[in-house]
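Peer 1: One structure coming up, written as structure tokens, with questions to follow.
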């Protein structure tokens with residue numbers, strides 16, 4: 039077996055460097071958007087291996103997308119390096135070789151991303167590397183030992199790649215076109231409700247208050263859509279008299295609401311943390327459908343800018359909210375700006391972000407995750423989570439959150455002897471209900487219809503023991519004891535923890 043020559047190794051190295059420059063060039067041209075070739079390639083991998091990705095996203099949670107991006111990046115580097123080597127093998131003139139690389143790399147990028155800007159950036163980045171690697175430069179070197187030509191080619195190629203990487207890094211530092219949730223001033227009306235939530239919260243170590251400090255995300259795309267209000271609209275299609283399109287400003291002029299809503303991911307483990315609560319601003323779905331003249335129908339399909347789609351029974355969606363604000367500030371990009379859906383009592387996966395279309399249908403269809411073996415639009419299951427345990431001598435305090443969708447939480451029971459006896463825990467007061475956005479002094483409409491509560495229990499213990507918790511919903515139904523897996527319709531069971539004294 040013949041070993042590769044030093045010249046072949048140098049060419050291979052230049053190919054890899056050209057691949058790095060292609061990725062950086064695409065990022066420089068397209069920015070952190072779906073037009074970036076990494077996002078397009080990840081979508082191809084995702085859609086050609088649906089079984090693997092469905093399990094990966096649900097099982098690995100926040101690690102799934104980075105792993106998908108890393109895998110895609112390696113595949114792209116290999117493809118770009120191969121194309122660069124092919125251009126060098128069949129073309130000897132430097133300028134022609136650079137142009138051939140631009141065409142091959144740019145063409146592949148265009149197929150993967152569908153973006154002319156992203157493709158041009160990738161092609162130019164790789165072409166510049168090839169041109170620099172094969173250029174003859176007078177570096178004003180003194181007489182004597184010269185840098186070997188192979189090393190010089192690599193250094194010249196690497197210099198271009200580093201410059202492209204630096205430029206793309208600067209590009210990433212530019213503010214997004216959508217509002218930044220941390221910079222916009224908080225709405226005074228929202229501040230009052232958020233203050234009420236803070237006052238009602240228990241102070242539990244390792245546990246979020248009633249309004250989450252952070253908010254989990256699970257998405258099918260490796261790069262979130264970057265949509266500004268000026269280049270976005272919402273269209274109502276399907277079984278309607280005629281299609282109706284709404285701008286964000288038109289939606290915001292309708293009678294809006296502010297609601298506390300909790301979301302829980304269907305792949306959230308029994309005692310996991312993919313569950314959070316926030317205060318949302320938006321307009322009821324029913325108001326938009328009425329404005330569009332949508333007739334009564336069996337089903338509605340929501341379509342999102344990241345190609346996600348989910349189908350609902352009409353009656354489930356009518357009470358939903360189309361939200362443009364979160365915690366008194368504009369909706370962040372990562373949570374669906376400029377508009378997302380919140381469907382009461384349903385798993386978080388069904389609350390489509392970056393909403394672009396509401397399709398009124400006369401028959402149901404399987405949504406994105408249903409096609410991959412998950413339940414789809416099923417309602418959440420009742421759960422009490424045990425996230426905080428404090429031991430101070432013989433004094434023990436345990437606590438966490440409890441959630442049952444629109445059924446609400448009426449009680450949380452705690453056993454400190456492994457389930458032989460039970461005591462009712464202390465619960466936070468329910469969060470305030472919805473308030474209208476256009477009222478001068480809005481009064482909450484009772485209690486929040488779809489929000490969690492916190493619980494805590496203090497007791498004394500002198501030896502190692504097992505704590506078990508279970509919730510009772512607003513209908514008096516106790517959380518099921520029988521355990522079930524995440525897939526296909528979310529986990530069930532009681533949460534327990536062994537505590538050492």
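Residue numbers (this note's numbering): 39 to 539.
Beta carbons: idealized from backbone N, C-alpha and C, even for Gly.
Predicted model, so just to flag it, every value in this text is computed and none were measured.
Can you have a look at residue 326 and say buried or exposed, based on whether 16 or more other CB atoms are within 10 angstroms of its CB?
Peer 2: As a first step, residue 326 must be located in the chain shown, where it is residue number 288. Classification for residue 326: buried.
Peer 1: For the structure I just gave you, are there three or more beta carbon pairs, one from the region 405 to 413 and one from the region 515 to 530, closer than 8 angstroms?
Peer 2: Flag = yes, the region 405 to 413 and the region 515 to 530 touch.
Peer 1: In its own chain, which residues sit with a C-beta less than 6 angstroms from the C-beta of residue 435, not counting the 5 before and 5 after it?
Peer 2: The residue you call residue 435 lines up with position 397 of the chain shown. The answer, listed in chain order, is 428 and 496.
Peer 1: Less than 6 angstroms between C-beta atoms, sequence neighbours within five positions excluded: which residues of the same chain meet that for residue 449?
Peer 2: By one-based count along the chain shown, residue 449 stands at place 411. Taken in chain order, the residues that qualify are 462 and 510.
Peer 1: Is the Cβ-Cβ distance between residue 332 and residue 199 less than 8 angstroms?
Peer 2: For this step, residue 332 is matched to residue 294 along the chain shown. For this step, residue 199 is matched to residue 161 along the chain shown. No, these two residues do not count as a Cβ contact at 8 angstroms.
Peer 1: Between the Cα of residue 347 and the Cα atoms of 392, 357, 498 and 304, which residue gives the shortest distance?
Peer 2: Locating residue 347 in the chain shown gives position 309, where the first residue counts as 1. It is 392 whose Cα lies nearest to the Cα of residue 347.
Peer 1: Kindly indicate which residue of 375, 399 and 315 has the alpha-carbon position closest to the one of residue 355.
Peer 2: Along the chain shown, read from residue 1 onward, the residue named residue 355 stands at position 317. Taking only the C-alpha atoms, the option nearest residue 355 is 399.
Peer 1: Check whether the region 154 to 170 and the region 134 to 145 touch, using three or more Cβ-Cβ pairs below 8 angstroms as the test.
Peer 2: They touch, by the three-pair rule.
Peer 1: For residue 172, which of 433, 293, 133 and 205 has the nearest alpha-carbon?
Peer 2: Residue 172 sits at position 134 when you count from the first residue of the chain shown. Looking at the Cα atoms, 133 is the closest of the given residues.
Peer 1: Out of 403, 389, 343 and 113, which has the shortest C-alpha to C-alpha gap to residue 361?
Peer 2: On the chain shown, position 323 is the one that residue 361 refers to. Ranking the options by Cα distance to residue 361, first place goes to 389.
Peer 1: Can you name the start and end residues of the beta strand (DSSP E) that residue 272 belongs to?
Peer 2: For the purposes of this step, residue 272 is taken as the residue at position 234 of the chain shown. Looking at the DSSP string, the run of the beta strand (DSSP E) that includes residue 272 is 272 to 276.
Peer 1: Looking at C-beta atoms only, is the number of pairs between the region 239 to 248 and the region 51 to 60 that lie closer than 8 angstroms three or more?
Peer 2: With a cut-off of 8 angstroms, the region 51 to 60 and the region 239 to 248 do not count as touching, because too few Cβ pairs lie within range.
Peer 1: Is the distance from the Cβ of residue 533 to the Cβ of residue 308 below 8 angstroms?
Peer 2: Residue mapping note: residue 533 aligns to position 495 of the chain shown, counting from 1. Residue mapping note: residue 308 aligns to position 270 of the chain shown, counting from 1. Contact: yes.
Peer 1: Helix, strand or coil: how does DSSP classify residue 208 here?
Peer 2: Along the chain shown, read from residue 1 onward, the residue named residue 208 stands at position 170. Helix.
Peer 1: Following the continuous alpha helix (DSSP H) through residue 356, name the residue where it begins and the one where it ends.
Peer 2: Taking the first residue of the chain shown as position 1, residue 356 is located at position 318. First-last of the alpha helix (DSSP H) with residue 356: 352 to 356.
Peer 1: Distance, Cα to Cα, residue 191 vs residue 373?
Peer 2: The sequence position of residue 191 within the chain shown is 153, counting from 1. The sequence position of residue 373 within the chain shown is 335, counting from 1. Distance between the alpha carbons of residue 191 and residue 373: 45 angstroms.
Peer 1: Could you tell me the distance, in whole angstroms, from the CA atom of residue 521 to the CA atom of residue 422?
Peer 2: Position 483 of the chain shown, counted from the start, is the residue given in the question as residue 521. Position 384 of the chain shown, counted from the start, is the residue given in the question as residue 422. The straight-line gap from Cα to Cα measures roughly 14 angstroms.
Peer 1: Pick out whichever of 295, 289, 302 and 276 has its Cα sitting closest to the Cα of residue 334.
Peer 2: Residue mapping note: residue 334 aligns to position 296 of the chain shown, counting from 1. Taking only the C-alpha atoms, the option nearest residue 334 is 276.
Peer 1: So, is residue 365 buried or exposed, given that buried needs 16 or more other C-beta atoms within 10 angstroms?
Peer 2: Here residue 365 refers to the residue found at position 327 of the chain shown. Buried, since its Cβ has 16 or more Cβ neighbours within 10 Å.
Peer 1: For residue 193, does the count of other Cβ atoms within 10 angstroms reach 16, so buried, or fall short, so exposed?
Peer 2: What you label residue 193 is simply residue 155 of the chain shown in a count that begins at 1. Classification for residue 193: exposed.
Peer 1: Let me make sure I understand the geometry here. Which of 151, 301, 536 and 210 has the alpha-carbon closest to that of residue 386?
Peer 2: Reading the chain shown from its first residue, position 348 is the one you call residue 386. Nearest of 151, 301, 536 and 210 to residue 386, Cα basis: 301.
Peer 1: Any idea which residues DSSP pairs residue 395 with across the strands?
Peer 2: Mapped onto the chain shown, residue 395 falls at position 357. In the DSSP output, where bridge partners are listed per residue, residue 395 has 273 and 341.
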